[in-house]
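Numbering (the working numbering), first residue to last: 5 to 426. Just below is one structure, and these are the notes that go with it.
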């Protein structure tokens, strides 16, 4: 990528940059070339284009808040295999990977333009221009010459703790994502969850499963386009201060309504219901969000539901799946029974469309390749547990008074992604 020389070890300790929002200059910053942190904020050009949740007070941008947003763009230190990958690349931290690609992402339109670099959005964005496979290859364990790596890659700004990478497949930007030991079940769960949402008429991201060297991976196409961007729920709740007496659910709803977002409750109803059906354990606040137009800043509505792999007892043995003990959830309540009480309307659920879910699960998990990881007892346990939850949901939908859990009891305290290294 043009301008890579700006971020070599021999350059100045501080690099002056402009934080850009596509083609709009937002704010001048100074980045520490040794750590990757933002050390200083200078002139502000377009305060309305600051990242959501980064606020201005008395004409000043909160540097701590901007740094939090910036560091969250980097690969988490808990990512599977990241320490080994950094050693291979001779890079000290994932933040240094972030600045090597100017913070460019396939999830939004923000990036940093170093002073005097002559770079432009049209020349370097990953939506319209090809990107290197080098970083993705290293993250997936391939040995590469560290002196010849091309850091022009959206893999530098991918979040989450499971092994993942971006690939251009038939001209489409696609995310390839692995599973965790011992069952590598998450890729299959993505397909199952998407098919369940298809049956229920819930907006979702479609998934397929591919195999590489005997290991399954899920594949989905990027749902963010050149004019739109994903704003995670975590950023939304930063727009207002939460009082101790306000539940996590009501705080999120209130933040969305204050921003002018419509149909908040119907979306959450559907997300909570499908997460109950699949026993999703990791719907944290960076696992769903809103789409907005990066130029007009108009809200486009909620993003299609994605990233549902940590479900269906993905890391439990068959007996534990049937027992359903200690199954916690996110993003609002710690347990699905409590989270279901937040649902305001069940009338949209077509239970007849779910009659073949057992067959769907069996067919998805019964491929010849999958037998190395998933046996028949496990499949039967998953089918039985899901069918039982569907029946429970049918009963709840007939008996429960809607939206009766507006209290802080059982609220999620730390909304963090699952750490699969534990």
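Every residue, glycine too, gets a C-beta built ideally from N, C-alpha and C.
Query                                                                                                                                                                               : Result
Who pairs with residue 170 in a beta bridge, going by DSSP?                                                                                                                         : 179
Using only alpha-carbon positions, find the residue among 52, 276, 297 that is nearest to residue 30.                                                                               : 52
Taking the alpha-carbon of residue 205 as reference, which of 267, 274, 217 has the nearest alpha-carbon?                                                                           : 274
Could you check where the alpha helix (DSSP H) with residue 340 kicks off and where it finishes?                                                                                    : 340–344
Do the segment 211–223 and the segment 363–374 meet, that is, are 3 or more Cβ pairs less than 8 Å apart?                                                                           : yes
When the Cα of residue 318 is compared with those of 232, 357, 386, which residue comes out closest?                                                                                : 386
Would you mind sorting residue 390 into buried or exposed? The rule is 16 or more other CB atoms within 10 Å of its CB.                                                             : buried
For the beta strand (DSSP E) containing residue 46, name the first residue and the last one.                                                                                        : 42–48
Give me, in chain order, the residues of the same chain whose beta-carbon lies closer than 7 Å to that of residue 416; leave out the 5 immediate sequence neighbours on both sides. : 252, 334, 335, 336, 337, 338
For residue 300, which three-state DSSP category applies?                                                                                                                           : coil
Alpha carbons only, please: which of 187, 280, 250, 35 is nearest the one belonging to residue 341?                                                                                 : 280
For residue 313, which residues of its own chain have a beta-carbon under 6 Å away from its beta-carbon, when the five flanking residues on both sides are left out?                : 190, 193, 194
What's the gap between the Cα of residue 377 and the Cα of residue 220?                                                                                                             : 10 Å
Return yes when the Cβ of residue 161 is within less than 8 Å of the Cβ of residue 77, no when it is not.                                                                           : yes
Could you give the distance in angstroms between the alpha-carbon of residue 1 and the alpha-carbon of residue 224?                                                                 : Residue coverage of the chain in this structure runs from 5 to 426, which leaves residue 1 outside it and unanswerable.
If residue 315 sits next to residue 283, beta carbons under 8 Å apart, how far is it from one beta carbon to the other, in whole angstroms?                                         : 5 Å
Measuring alpha carbon to alpha carbon, tell me which of 19, 398, 363, 402 ends up nearest residue 199.                                                                             : 363
Residue 20 lies in the beta strand (DSSP E); which residues open and close that run?                                                                                                : 18–25
Just tell me which of 209, 349, 270 has its CA closest to the CA of residue 308.                                                                                                    : 209
Who pairs with residue 61 in a beta bridge, going by DSSP?                                                                                                                          : 64
Name the DSSP beta bridge partners of residue 116, please?                                                                                                                          : 23
Check this for me: beta carbons of residue 23 and residue 106, under 8 Å apart or not?                                                                                              : no
Relative to the C-alpha of residue 303, which candidate in 71, 168, 261, 126 has its C-alpha closest?                                                                               : 261
Do you know whose CA, among 367, 131, 355, lies nearest residue 175's CA?                                                                                                           : 131
Using the three-state DSSP reduction, which class does residue 272 fall into: helix, strand or coil?                                                                                : helix
Where residue 241 and residue 89 are concerned, what is the direct C-alpha to C-alpha distance, given to the nearest angstrom?                                                      : 33 Å
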